[in-house]
Structures are given as C-alpha cells and as structure tokens.
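Letter by letter, the sequence shown follows residues 910 to 1143 in the numbering used here. First comes the structure, then the notes that go with it.
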Amino acid sequence: MSPDPSSAPTPGRAGTATARRRLREAEIISATRRLFDERGVRDAQIEDIARAVGINRAIIYRHFTGKEELFSLTLVQYLDELRVALSEAAVTAAEPRAQLQRLVEAFVDYGLAHPAFVDCAQAIMRRPGGDLLEEVSESAMYRLGQAIGGCLSVLTHTIEAGVDAGEFHVEDPGLLANMLYASGLGTLQLGRVAMLVSEQAPGVPQISRVTAAQVRDHMVASALAVASGAPAAR
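Structure, rendered in structure tokens:
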C-alpha cells in the first residue's frame, strides 16, 4: 500500500516548523537574559524562565539539553554584544598600545554594565571541559565557540599587530588573549564587590574601597605590561 502523499511533510511545512522552533528558542533565550539582568544568574530558575515565556518547563527541555546549554546560549548573546563593543573600540586607535588600552577599557565597561555577563561567563568556565561537552549539544558548543572566538580575535589581532610593530613581545598572541579574557573576568568581580582586603596589622584585617576607575586602570596597565614584556629566554 503506497503512502498517502498528503501525509508526507512538505518543504513548506518543514520550513515553518523549523522557523517556529527557532522563534521559540529565541524567546526562551531572551527570557533567560532578562532574568539574568534583573536577578542575576544564581537566582534564575528554569521555572521562572518558563513562566516568563508562558510555557511549561518541560517545553524548555525539548529545545535545550539542560540548564547548562540554555545558559551557554544566553552567554552567546552577551558575547555578541561584547564583540561589537570591542570592534568599535579597536577602530578608535591605530597604534597597537593605544588600541589594546581601548579594548581593555571597553571590556571593563561592558562587564561592569552587565554583571550577569560576568557571572554567566564564569559559571561556564568553572565547568570542566569534558563535563560541558557531555551536557551541551555540539551545535550549541559550536555557537559558543564562535562567540568567544569572535571576541578574542579582535584582541588577538591587536596583539599580533603590536608584535609585528616591535611594540609587544608575545610568543603566542592567541594564548595571551585567552589569558587576558579569563583573568579579566576575575578582576571584574573585584570591581563589583568594590572592596579591598589588606592587613592593617598582623592578624588585623582592613577593608577599603576600590573604584571602577582603579579596576580599569589596573587591567589596562597589566595588559600592557604583559604584552610589552621582554621576550622569553630561548
């Protein structure tokens, strides 16, 4: 018995179903982003995200493998915005040192303006790579890699230009870009806490304030110092 042609999916129907699925995924990611910005990453629960979209939480798990994948794709939104901010900062200076300064400043400004980005990025980075690969689909990991790579490429190109100009002494610009990104996320946490801990006397702690400007200046100075350091001994 031959199949009923009317029951077979048509290209139009398949395209519509795919479009609906993508739209629903975008709605869920946008709702997650809003909750991150309003409450922070720790307080964003799957139930709250589902309620914001007007769906049952079970539907979220039809679109995403789990919380880690949803958070990873929400991080992609932040990273896409950060890449634009970095690209715009890069064109404001031609000389590599000045360009690196502008890039670090743009990174700090974005991170302080979007604290949920810092939390989300750190939450993903805290997961062992093997665990993350098991919990996040290949397509989602690819999108996350694209987003991170897009940001790091702007920084890497600036470092490479500095090396070519003889201003920077870096053997692996890509590695340095990754290290600046990772360490920058940690330093941004200090800017959010806005407190420094020191020892006033042996065993006596002292708490003082740290400003966003101090954090920005420190990160700029650190990036320039590392990039401009003497070549490693061979």
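Backbone N, C-alpha and C fix where the C-beta goes; we use that ideal spot for every residue, glycine too.
For GLU978, which residues from the same chain have a beta carbon less than 8 Å from its beta carbon, with the 5 sequence-adjacent residues on both sides left out? For the purposes of this step, residue 978 is taken as the residue at position 69 of the sequence shown. Closer than 8 Å at the Cβ level, and outside the excluded window around GLU978, lie GLU1044, VAL1045, SER1046, ALA1049.
Would you mind working out which of LYS976, GLY949, LEU982 sits nearest ALA935, comparing C-alpha positions? The residue given as residue 935 occupies position 26 in the sequence shown. If we check each option's Cα against that of ALA935, LEU982 comes out closest.
Opposite LEU1105 in the DSSP bridges: which residues? As a first step, residue 1105 must be located in the sequence shown, where it is residue number 196. Bridge partners of LEU1105: SER1117.
Assuming GLN1008 is part of the alpha helix (DSSP H), what are its boundary residues? Against the sequence shown, residue 1008 aligns to sequence position 99. Its alpha helix (DSSP H) spans residues 1005 to 1022.
Give me the Cα-Cα distance between GLN1008 and ASP952, rounded to the nearest whole angstrom. For the purposes of this step, residue 1008 is taken as residue 99 along the sequence shown, with counting starting at 1. For the purposes of this step, residue 952 is taken as residue 43 along the sequence shown, with counting starting at 1. The straight-line gap from Cα to Cα measures roughly 37 Å.
Taking all protein chains shown into account, do 16 or more other C-beta atoms lie within 10 angstroms of the C-beta of PRO1082, making it buried, or fewer, making it exposed? Taking the first residue of the sequence shown as position 1, residue 1082 is located at position 173. The residue is buried, with at least 16 neighbouring Cβ atoms inside 10 Å.
So, at 6 Å on beta carbons, what are the nonlocal neighbours of ASP946 in its own chain, with the 5 sequence-adjacent residues on each side left out? Position 37 of the sequence shown, counting from 1, holds the residue named residue 946. Excluding sequence neighbours, ASP946 sits near ALA1025.
Residues that DSSP places opposite ALA1110 in a beta bridge: The sequence position of residue 1110 within the sequence shown is 201, counting from 1. For ALA1110, which the question treats as bridged, DSSP gives the partners VAL1113.
Which value, in whole angstroms, describes the spacing of the CA atoms of VAL1102 and ARG931? Counting from 1 along the sequence shown, the entry for residue 1102 is found at position 193. Counting from 1 along the sequence shown, the entry for residue 931 is found at position 22. So the two alpha carbons sit approximately 38 Å from each other.
Give the single residue among VAL1106, GLY1093, TYR1051 whose Cα lies nearest to the Cα of GLU1014. As a working note, residue 1014 is residue 105 in the sequence shown. Closest by alpha carbon: GLY1093.
Roughly how many angstroms separate the alpha carbons of ARG943 and GLU956, rounded to a whole number? Within the sequence shown, residue 943 is the residue found at index 34, counting from 1. Within the sequence shown, residue 956 is the residue found at index 47, counting from 1. Going from the Cα of ARG943 to the Cα of GLU956 covers about 14 Å.
Measure the alpha-carbon distance for GLN877 versus PRO1037 and round it to whole angstroms. The structure shown does not extend to residue 877, since the chain is modelled only from 910 through 1143, so no value can be given for it.
Let me confirm a value: ALA999 is counted as buried when at least 16 other C-beta atoms fall within 10 Å, else exposed. Which label applies? Taking the first residue of the sequence shown as position 1, residue 999 is located at position 90. Flag for ALA999 reads buried.
Less than 7 Å separating the beta-carbons of THR941 and ILE958? Here residue 941 corresponds to residue number 32 of the sequence shown, with the count starting at 1. Here residue 958 corresponds to residue number 49 of the sequence shown, with the count starting at 1. Yes; because the gap between Cβ atoms is below 7 Å, this pair is in contact.
Straight-line CA distance for GLY1112 to ASP1126? Counting from 1 along the sequence shown, the entry for residue 1112 is found at position 203. Counting from 1 along the sequence shown, the entry for residue 1126 is found at position 217. The straight-line gap from Cα to Cα measures roughly 30 Å.
At what residues does the alpha helix (DSSP H) containing VAL962 begin and finish? Locating residue 962 in the sequence shown gives position 53, counting from the first residue. VAL962 -> alpha helix (DSSP H) spans 955 to 962.
Alpha-carbon to alpha-carbon, ARG971 and TYR1019: Here residue 1019 refers to the residue found at position 110 of the sequence shown. Here residue 971 refers to the residue found at position 62 of the sequence shown. In a straight line, the C-alpha of TYR1019 is about 32 Å away from that of ARG971.
Classify MET1128 as buried or exposed, calling it buried when 16 or more other Cβ atoms lie within 10 Å of its own Cβ. The sequence position of residue 1128 within the sequence shown is 219, counting from 1. The residue in question, MET1128, is buried, as its Cβ has 16 or more Cβ neighbours within 10 Å.
Where the alpha helix (DSSP H) containing ASP1081 begins and where it ends: Within the sequence shown, the letter at position 172 stands for residue 1081. Element bounds for ASP1081: n/a, residue is neither H nor E.
Within 7 Å, strictly: CB atoms of CYS1060 and VAL950: On the sequence shown, residue 1060 is found 151 positions in, with the first residue counted as 1. On the sequence shown, residue 950 is found 41 positions in, with the first residue counted as 1. No. Outside cutoff.
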